[in-house]
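> Below you will find the structure I want to go over with you.
2 protein chains.
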Amino acid sequence: MSIDRDLAGVRRIPEATVVRLPVYQRILAELGRAGVPTVSSELLAGLARVNAAKVRKDLSLLGSFGTRGTGYDTAFLLEQIELALGVDHDWPVVVVGIGNLGRALVNSAGFSSRGFRIAALFDTDPAVVGQQVGPAVVRDMATLADLAAQERAAIGVVATPSAAAQEVTDQLIGIGVRSILNFAPTVLTVPAGVLLRYVDLSIELQVMSFYLTRLPAADPPGVLAPIRSVGLTPPAPGEDAPAGPT
Amino acid sequence: MSIDRDLAGVRRIPEATVVRLPVYQRILAELGRAGVPTVSSELLAGLARVNAAKVRKDLSLLGSFGTRGTGYDTAFLLEQIELALGVDHDWPVVVVGIGNLGRALVNSAGFSSRGFRIAALFDTDPAVVGQQVGPAVVRDMATLADLAAQERAAIGVVATPSAAAQEVTDQLIGIGVRSILNFAPTVLTVPAGVLLRYVDLSIELQVMSFYLTRLPAADPPGVLAPIRSVGLTPPAPGEDAPAGPT
DNA sequence: CGATGTGAAATGCTTCACAGCA
DNA sequence: TGCTGTGAAGCATTTCACATCG
Chain F
1 MSIDRDLAGV RRIPEATVVR LPVYQRILAE LGRAGVPTVS SELLAGLARV NAAKVRKDLS
61 LLGSFGTRGT GYDTAFLLEQ IELALGVDHD WPVVVVGIGN LGRALVNSAG FSSRGFRIAA
121 LFDTDPAVVG QQVGPAVVRD MATLADLAAQ ERAAIGVVAT PSAAAQEVTD QLIGIGVRSI
181 LNFAPTVLTV PAGVLLRYVD LSIELQVMSF YLTRLPAADP PGVLAPIRSV GLTPPAPGED
241 APAGPT
Chain L
1001 MSIDRDLAGV RRIPEATVVR LPVYQRILAE LGRAGVPTVS SELLAGLARV NAAKVRKDLS
1061 LLGSFGTRGT GYDTAFLLEQ IELALGVDHD WPVVVVGIGN LGRALVNSAG FSSRGFRIAA
1121 LFDTDPAVVG QQVGPAVVRD MATLADLAAQ ERAAIGVVAT PSAAAQEVTD QLIGIGVRSI
1181 LNFAPTVLTV PAGVLLRYVD LSIELQVMSF YLTRLPAADP PGVLAPIRSV GLTPPAPGED
1241 APAGPT
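So the sequences go chain by chain: F and L.
For the first sequence, our numbering gives the first residue as 1, with consecutive numbering after it.
For the second sequence, our numbering gives the first residue as 1001, with consecutive numbering after it.
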C-alpha cells in the first residue's frame, strides 16, 4: 500500500504513461535517423505535443537516463524505452478475420515494428482461405488448434464481425493466447489474467460528435494519446518541430 | 469560468464520461431491441463492465433521468444519451485514403450509425479513383476543393500513409473541416479549435507488449492457470455486449 | 423496499517549482 | 549555467456511502 516499487527498482508505471511511451519511442527513432544525438525533455515534449514536465516524469519512472544540463542521449533513451515496452521480445501475433480491416492491419506499419511477428492468419471464408496476405497464407479457422502445436501466440487480433468475436476470442484463449486486441464493436468477456483492449471506430466518431456540438466554447484536454485522446488543439507548446516523425 | 455548469443546467462532462456514453448507447439500443423496458445502473454497469456508481454518476451528469426504486426507462435514456452525444445532428464525413483501411472504415458499422454520413471519399491513386466504395465513388484528391463548394464536411478521416497525413490534414482544414480522426501513425499539427483524435495500431500493440512482459509468469504447458483474483485488464474504451449471444 | 442521485473521501494523473548535478 | 529528477500542490476521475424518493 505504501511502497510504489516492484521487484526491480522501477516504480509502477501508470497506464497513462504506458500509452505515451510508444509515442516517445517513435519520435526518438526518427530523431536518431536524423542524426540528433541528444534530446531535451522540452524538445521531446514539443514533438509529442505534451508538457515537458510530463515527459520528465514519464521517463523518470523508467529510471534516471538523462544528463543534467544536457538532456537525454537519443539512442540510449530509445533503447531504454523499448526495453521497458518489451518490444525486444518476440511477440507472435495471430489475426482472425481477414477482411479489409484484417488486411489493413497485416500490412500496416504497426507490424513492421520490431517484435511483432505475424504467426498466422485465420478466416472462415473459403474464398479467403489459402490467399497470401502480407507475409502469410490465410488458414482455415477450423485449423486454429494446429497452430498451438507449433507455437504459442502471444497476441490475438480479432477483426471479425461482432457476431463472431466472442467465439473467436474463446478459441484464441483456448490455444493459450494471453492478450486480445479487439476491433469488433462489442464487449468481450475474458478470464482474469488475459489482457483485453478495444479499438472502436464508432466510439471515436461519437466522441467527436459530442465535442463538435460544443466546439465554440469547449476546452477539453489536448493530449496526444492513441484511441481515447481528445481535444482542442493543445496550447501549442513553444514552437514547431525540426524533424517531425514522418 | 468558475461554475461547473454550462448554458443549460447540465454540468461539464468529463472526457472519461464522454468516452463511456457511446458504450451505454450501444447497450441501451440492444436492450431496447430485446424489449427490456427499464434498466438499473447495476445491469447497465454489468453489461458495460464498469462500476455501477460510475454509471449513475455518468448519467447524472446528463440530467436526472432515472426513477428511484425502478431504474431508467430504456428508450428514454437512449434518447437522452444520443441527444447529449449529438448524433441526432447530420455529420458529413470525408475519408481520405481508400486503401484497405479506408475501405474497412467506410464499410464498418461505425458509419451506419445515425448521423454519420459519407460525404465523399478521396484518393490520389488513379487505379482507385472512380471506384465505387460503399455508398460513394472515390474522387481524385486534386478535386478536394470542389467538395467545399457543395457542402461543409464536419469530420475528416485520414487513412493515408504517414508521409501524406499532415498535408492531407492541412487540406481538409483548408476546406473547413473542424475535426480530424487520424489513423496514420504520426503526430499531426492542427490549428487551435480543430479537434484531433488518433487511432494507432502500433501503439496498441506496444501497450500490450508492455503488459505482457509484466503478466504473472506464464502458465506451464498444458495446465490452465488457476489465475489470480484480478487480472490486469488495462482500461480500454469499453464496448457493450449484445444481450445474450455466446 | 429498492434504486437513484450526490456530497465527500479516495485514488490517480498532471503540473509546478526548485534542489541538485554535469 | 542548463536541464534533469522529484516532492508537493493542483486537478480530474473513481468509488463510497447514504439520504432521498417513487
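A virtual CB, placed ideally from N, CA and C, is assigned to each residue, including glycine.
Keep in mind it's a predicted model, so treat the numbers as computed, not measured.
Under a CB-based cut-off of 9 Å, is Gly69 of chain F close to chain L?
Counted from its first residue, the first sequence places residue 69 of chain F at position 69. Answer no: the Cβ-Cβ gap between Gly69 of chain F and chain L never drops below 9 Å.
> On a Cα-Cα basis, can you pick out the residue from F:Leu78, F:Asp146, F:Arg56 and F:Asp88 that is closest to Arg68 of chain F?
As a first step, residue 68 of chain F must be located in the first sequence, where it is residue number 68. Residue F:Arg56 is the option with its Cα nearest to Arg68 of chain F.
> Excluding the five sequence neighbours on either side, which residues of its own chain have a C-beta within less than 6 Å of the C-beta of Val138 of chain F, listed in chain order?
As a first step, residue 138 of chain F is located in the first sequence; it is residue number 138 there, counting from the start. Answer for Val138 of chain F: Ile98, Leu121, Asp123, Val128, Val129 and Gln131, listed in chain order.
> Taking a cut of 8 Å between CB atoms, which residues from the region 30–61 of chain F lie near chain L?
Result list: Leu47, Ala48 and Arg49.
> Give a yes or no on whether the minimum CB-CB distance between Gly63 of chain F and chain L is below 9 Å.
Counting from 1 along the first sequence, the entry for residue 63 of chain F is found at position 63. Chain L contact via Cβ: absent.
> Let me confirm a value: Gln1025 of chain L is counted as buried when at least 16 other C-beta atoms fall within 10 Å, else exposed. Which label applies?
By 1-based counting over the second sequence, the position of residue 1025 of chain L is 25. That one is buried.
> Is there a Cβ of chain F sitting closer than 9 Å to that of Leu1205 of chain L, yes or no?
For the purposes of this step, residue 1205 of chain L is taken as the residue at position 205 of the second sequence. It does; some Cβ of chain F falls within 9 Å.
> Considering only residues of the same chain and omitting the five flanking positions on each side of Glu1151 of chain L, which have a CB-CB separation below 7 Å?
Here the question's residue 1151 of chain L lines up with position 151 in the second sequence. So the list reads Pro1092 and Ala1119, once near-sequence residues are dropped.
> Check each candidate in F:Lys54, F:Ser179, F:Gln166 and F:Ser60 and name the one with the smallest Cα separation from Val1204 of chain L.
Position 204 of the second sequence holds residue 1204 of chain L. Note that residue 1204 of chain L is Glu in the sequence shown, not Val. The candidate whose alpha carbon is nearest that of Glu1204 of chain L is F:Ser179.
> With DSSP collapsed to three states, give me the class of Ser1202 of chain L.
Position 202 of the second sequence holds residue 1202 of chain L. Ser1202 of chain L: helix per DSSP, three-state reduction.
> Enumerate in chain order the residues of its own chain whose CB-to-CB distance from Gly41 of chain F is below 6 Å, with the five nearest sequence positions on each side excluded.
On the first sequence, position 41 is the one that residue 41 of chain F refers to. Reading off the sequence, residue 41 of chain F comes out as Ser, not Gly. Once the five neighbours on either side are set aside, the close Cβ partners of Ser41 of chain F are Ala52, Val55 and Arg56.
> Helix, strand or coil: which one does DSSP assign to Ala136 of chain F?
In the first sequence, the residue the question calls residue 136 of chain F occupies position 136. Looking at Ala136 of chain F - three-state DSSP - the assignment turns out to be strand.
> Would you mind listing the alpha helix (DSSP H) stretches within the region 132–200 of chain F that are 4+ residues and don't spill past its ends, in chain order?
Runs of the alpha helix (DSSP H) inside the region 132–200 of chain F: 144–150 and 162–174.
> When the Cα atoms are used, what is the spatial distance from Leu215 of chain F to Gly1193 of chain L?
The count along the first sequence starts at 1 and reaches residue 215 of chain F at position 215. The count along the second sequence starts at 1 and reaches residue 1193 of chain L at position 193. Their Cα atoms are separated by approximately 7 Å.
> So with CB distances below 9 Å, who are the chain F contacts of Thr1213 of chain L?
Your numbering for residue 1213 of chain L matches position 213 in the second sequence. In chain order: Ala84, Leu85, Gly86 and His89.
> Looking only at its chain, what residues have a beta carbon closer than 6 Å to the beta carbon of Val177 of chain F, apart from the 5 residues adjacent to it on each side?
The count along the first sequence starts at 1 and reaches residue 177 of chain F at position 177. Around Val177 of chain F: Ala153 and Gly156.
> For Asp1125 of chain L and chain F, any beta-carbon pair shorter than 9 Å?
Residue numbering aside, residue 1125 of chain L sits at position 125 when the second sequence is read from its first letter. It does not; no Cβ of chain F falls within 9 Å.
> Would you tell me roughly how many angstroms separate the C-alpha atoms of Gln166 of chain F and Ala148 of chain F, rounded to the nearest one?
Within the first sequence, residue 166 of chain F is the residue found at index 166, counting from 1. Within the first sequence, residue 148 of chain F is the residue found at index 148, counting from 1. If I take the Cα positions, the gap works out to 19 Å.
> Can you tell which of F:Ala159, F:Phe111, F:Leu201 and F:Phe183 has its C-alpha closest to the C-alpha of Gln1206 of chain L?
For the purposes of this step, residue 1206 of chain L is taken as the residue at position 206 of the second sequence. Nearest option by C-alpha distance: F:Phe111.
> For my contact list, Pro185 of chain F and Asp200 of chain F are in at a C-beta cut-off of 8 Å; report their separation, rounded to the angstrom.
For this step, residue 185 of chain F is matched to residue 185 along the first sequence. For this step, residue 200 of chain F is matched to residue 200 along the first sequence. Sure, about 5 Å apart at Cβ, within 8 Å.
> Comparing the C-beta of Ile1175 of chain L with each C-beta of chain F, is any distance below 9 Å?
Taking the second sequence and counting its residues from 1, one reaches residue 1175 of chain L at position 175. Taking Cβ atoms only, chain F never reaches closer than 9 Å to Ile1175 of chain L, which makes this a no.
> Suppose the cutoff is 8 Å on Cβ atoms and the five residues either side in sequence are ignored; what does the same chain contact list for Arg1103 of chain L look like?
Along the second sequence, read from residue 1 onward, the residue named residue 1103 of chain L stands at position 103. Cβ neighbours of Arg1103 of chain L beyond the five flanking positions: Val1133 and Gly1134.
> Going by Cα to Cα distance, which pick from F:Ala164, F:Val190 and F:Ser60 is closest to Arg1049 of chain L?
Here the question's residue 1049 of chain L lines up with position 49 in the second sequence. Nearest C-alpha to Arg1049 of chain L: F:Val190.
> Tell me the DSSP secondary structure of Leu31 of chain F in three-state form.
If you number the first sequence from 1, residue 31 of chain F lands on position 31. DSSP places Leu31 of chain F in helix when its eight states are reduced to three.
> With 9 Å as the threshold, decide whether the Cβ of Leu1101 of chain L is near any Cβ in chain F.
Numbered from 1 along the second sequence, position 101 holds the residue referred to as residue 1101 of chain L. Interface residue, yes.
> Taking only runs of the alpha helix (DSSP H) that begin and end inside the region 69–131 of chain F, which ones reach a length of at least 4 residues, in chain order?
Runs found: 74–85, 100–107 and 109–112.
> Whose C-alpha, out of L:Leu1196, L:Thr1143 and L:Asp1125, is nearest the C-alpha of Pro1161 of chain L?
Residue numbering aside, residue 1161 of chain L sits at position 161 when the second sequence is read from its first letter. Considering only alpha carbons, the answer is L:Asp1125.
> Quick one: Cα of Leu59 of chain F to Cα of Phe1065 of chain L, how far?
Residue mapping note: residue 59 of chain F aligns to position 59 of the first sequence, counting from 1. Residue mapping note: residue 1065 of chain L aligns to position 65 of the second sequence, counting from 1. Between Leu59 of chain F and Phe1065 of chain L, the C-alpha separation is close to 44 Å.
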